[in-house]
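Note that the protein sequences, when read in sequence, are chains H and Y.
Numbered as in the working numbering, the first sequence ends at 718 without a single skipped number.
Numbered as in the working numbering, the second sequence ends at 718 without a single skipped number.
2 protein chains.
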Amino acid sequence: MLRLSKKADYALMAMKHLALQSDRGSSSAREIAEQYDIPIELMAKVLQRLVRRGLLASHQGTHGGYQLARLPAQISVADVIQAIDGPVTVTACTTDDGRCDQYAKCNVRDPLWRVRERILTALGECTIAELASEPPTPAPMRAAVLHTHL
Amino acid sequence: MLRLSKKADYALMAMKHLALQSDRGSSSAREIAEQYDIPIELMAKVLQRLVRRGLLASHQGTHGGYQLARLPAQISVADVIQAIDGPVTVTACTTDDGRCDQYAKCNVRDPLWRVRERILTALGECTIAELASEPPTPAPMRAAVLHTHL
DNA sequence: TCTAAATACGACCGGTCTAGTCCGATATTA
DNA sequence: TAATATCGGACTAGACCGGTCGTATTTAGA
Numbered sequence: 569m570l571r572l573s574k575k576a577d578y579a580l581m582a583m584k585h586l587a588l589q590s591d592r593g594s595s596s597a598r599e600i601a602e603q604y605d606i607p608i609e610l611m612a613k614v615l616q617r618l619v620r621r622g623l624l625a626s627h628q629g630t631h632g633g634y635q636l637a638r639l640p641a642q643i644s645v646a647d648v649i650q651a652i653d654g655p656v657t658v659t660a661c662t663t664d665d666g667r668c669d670q671y672a673k674c675n676v677r678d679p680l681w682r683v684r685e686r687i688l689t690a691l692g693e694c695t696i697a698e699l700a701s702e703p704p705t706p707a708p709m710r711a712a713v714l715h716t717h718l
Numbered sequence: 569m570l571r572l573s574k575k576a577d578y579a580l581m582a583m584k585h586l587a588l589q590s591d592r593g594s595s596s597a598r599e600i601a602e603q604y605d606i607p608i609e610l611m612a613k614v615l616q617r618l619v620r621r622g623l624l625a626s627h628q629g630t631h632g633g634y635q636l637a638r639l640p641a642q643i644s645v646a647d648v649i650q651a652i653d654g655p656v657t658v659t660a661c662t663t664d665d666g667r668c669d670q671y672a673k674c675n676v677r678d679p680l681w682r683v684r685e686r687i688l689t690a691l692g693e694c695t696i697a698e699l700a701s702e703p704p705t706p707a708p709m710r711a712a713v714l715h716t717h718l
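In structure tokens, the structure reads:
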């Protein structure tokens, strides 16, 4: 259902948090996890993966923590999502090597592929800086429910 | 990973097939399934759901089959996907009623919500007619593999 | 030097979802 | 009446995901 994983959610929340905290140095996994009600160990794992992907810088030991590795405006939502969930693949056959085993007869590969690119563009244009510039989502906007069946 | 289900894939393939076959009357589930190497029973189930959602019209009995319920240009990829996979929800908390249990502290709801809308727009702009106007994907375009790490 | 707090990382586990199968009922045509 | 469809629910094996646990390593400070 075109849904991104919870880990990706957590990653984006953390990235935004770190963008807002960037002047105050680094934040620890525990700090972020507690603030957003995320299981600490899971948060840690997510942050670690972001470090491995070069989106975050970490500092070990007491008073250690995480920082953004680049300017918030230089990090896109797509970067974060792909760091956590792997490459965005709309179709199962769209593997890195382009193998389409049984899908030799598939008739929608190319169009879906273009759809994928559009989605990727949308995700790529939205940066962490953009997230951070938002109001911190004051109250749970119940009024804004829309009819999903377009 | 923002991937749509195989059923949705099958649905799109069938819809395109039916768009191309529209002048020749209807096609049976068996017919379509065999042409694209899809398990017949699964194909049938997908087609039935498309009927229930009003995207296809069915005719029972011998020489029965399926037809598009509307003009190909009037059916979007979003329609098909949502008919099969349910509403497109980028985040888990985006349920129909807008409930966000633990996510009271979530700080990325609104921006992700806007991302969802952009994706939905992209899917909504691509119609079955557009799929059908494509060349039928001749050979598996191996050359067109791109670097997914944007 | 010792201890506490932090990152790093892999193994594991239970629940959920997905793809696919099976079966029976109904409808339509020849 | 027989063959061929659609219809629709029940079921299953396997993959995947969210989350947990345990342990090693690094670092700052008392």
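Heads up, the beta-carbon is just placed ideally off N, CA and C, and yes, glycines get one too.
> Using 8 Å as the Cβ pair cut-off and three pairs as the minimum, do the region 616–624 of chain H and the region 649–661 of chain H touch?
Replying inline: Contact between the region 616–624 of chain H and the region 649–661 of chain H is established, with three or more Cβ pairs separated by less than 8 Å.
> Apart from the five residues on each side of it in sequence, which residues of its chain come closer than 6 Å, Cβ to Cβ, to H/Tyr604?
Replying inline: So the qualifying residues of the chain are Met581.
>> Is it the case that the region 588–601 of chain Y contacts the region 579–594 of chain H, given that we only count it when at least three CB pairs across the two stretches are under 8 Å?
In response: Contact fails: fewer than three Cβ-Cβ distances are below 8 Å.
> Is it buried or exposed for Y/Thr659, if we count other Cβ within 10 angstroms and need 16 for buried?
Replying inline: Counting of Cβ neighbours within 10 angstroms places Y/Thr659 among the buried residues, the total reaching 16 or more.
> Residues of chain Y with a CB under 9 Å from the CB of H/Val614: which are they?
Replying inline: Going along chain Y, no residue has its Cβ under 9 Å from H/Val614, so there is no contact; the nearest lies around 14 Å.
> Between Y/Gln589 and Y/Ala700, what straight-line distance do the alpha-carbon atoms span, to the nearest angstrom?
Replying inline: Take the alpha-carbon of Y/Gln589 and the one of Y/Ala700: they are about 10 Å apart.
> Does DSSP classify Y/Thr657 as helix, strand or coil?
Replying inline: DSSP places Y/Thr657 outside both helix and strand once states are collapsed to three, so it counts as coil.
> Using 8 Å as the limit for Cβ to Cβ distance, is H/Arg638 near chain Y?
Replying inline: For H/Arg638, no Cβ of chain Y is located within less than 8 Å of the residue's own Cβ.
> Should Y/Val648 be flagged as near chain H, meaning a C-beta pair shorter than 8 Å?
Replying inline: With 8 Å as the cut-off, Y/Val648 does not count as an interface residue toward chain H.
>> If I measure Cβ to Cβ from H/Gly692 and keep anything under 7 Å in the same chain, skipping five residues before and after, which residues do I get?
In response: Closer than 7 Å at the Cβ level, and outside the excluded window around H/Gly692, lie Ser644 and Ala646.
> Taking just the CA atoms, how far does Y/Cys661 sit from H/Leu572?
Replying inline: Approximately 11 Å between the Cα atoms of the pair.
>> Can you check whether the C-beta of H/Thr630 is within less than 8 Å of a C-beta belonging to chain Y?
In response: With 8 Å as the cut-off, H/Thr630 does not count as an interface residue toward chain Y.
> Using the beta-carbon of each residue, which ones in chain H are nearer than 8 Å to Y/Tyr604?
Replying inline: The answer, in chain order, is Lys673, Cys674 and Asn675.
> Residues in its own chain within less than 6 Å of Y/Ile696 by CB, not counting five upstream and five downstream?
Replying inline: Excluding the 5 residues flanking it on each side, Y/Ile696 has same chain C-beta neighbours closer than 6 Å at Met583, Ala587, Pro640 and Ile643, in chain order.
>> Give me the DSSP bridge partner(s) of Y/Thr695.
In response: Note: Y/Thr695 is bridge-paired with Y/Ser644 in the DSSP secondary-structure output.
> DSSP state of H/His631, grouped into three classes?
Replying inline: In the three-state reduction of the DSSP assignment, H/His631 falls in the coil class.
>> Give me the residue from H/Cys694, H/Leu680 and H/Glu698 with the minimum Cα distance to Y/Arg686.
In response: Comparing Cα positions, the closest option is H/Cys694.
>> Using CA atoms only, rank isn't needed, just tell me which of Y/Lys574, Y/Leu688, Y/Tyr578 and Y/Gly629 is closest to Y/Ala601.
In response: Ranking Y/Lys574, Y/Leu688, Y/Tyr578 and Y/Gly629 by Cα distance to Y/Ala601 puts Y/Tyr578 first.
> Does the Cβ-Cβ distance between Y/Leu688 and Y/Val656 come in under 8 Å?
Replying inline: Against a cut-off of 8 Å, the Cβ pair of Y/Val656 and Y/Leu688 comes out as a contact.
> Along chain Y, in chain order, which residues have C-beta atoms closer than 7 Å to that of H/Thr657?
Replying inline: Chain Y residues near H/Thr657: Met569 and Arg571.
> So Y/Asp678 packs on H/Glu702, CB below 8 Å; how close in whole Å?
Replying inline: Right, their Cβ atoms sit about 6 Å apart.
> CB-CB under 8 Å to Y/Pro576, same chain, minus the five flanking residues each way: which ones, in chain order?
Replying inline: For the sequence presented, residue 576 of chain Y should be read as Ala rather than Pro. Contacts found: Val648, Ile649, Ile652 and Asp653.
> Cβ of H/Val645 less than 8 Å from any chain Y Cβ?
Replying inline: At a cut-off of 8 Å, the C-beta of H/Val645 has a neighbouring C-beta in chain Y.
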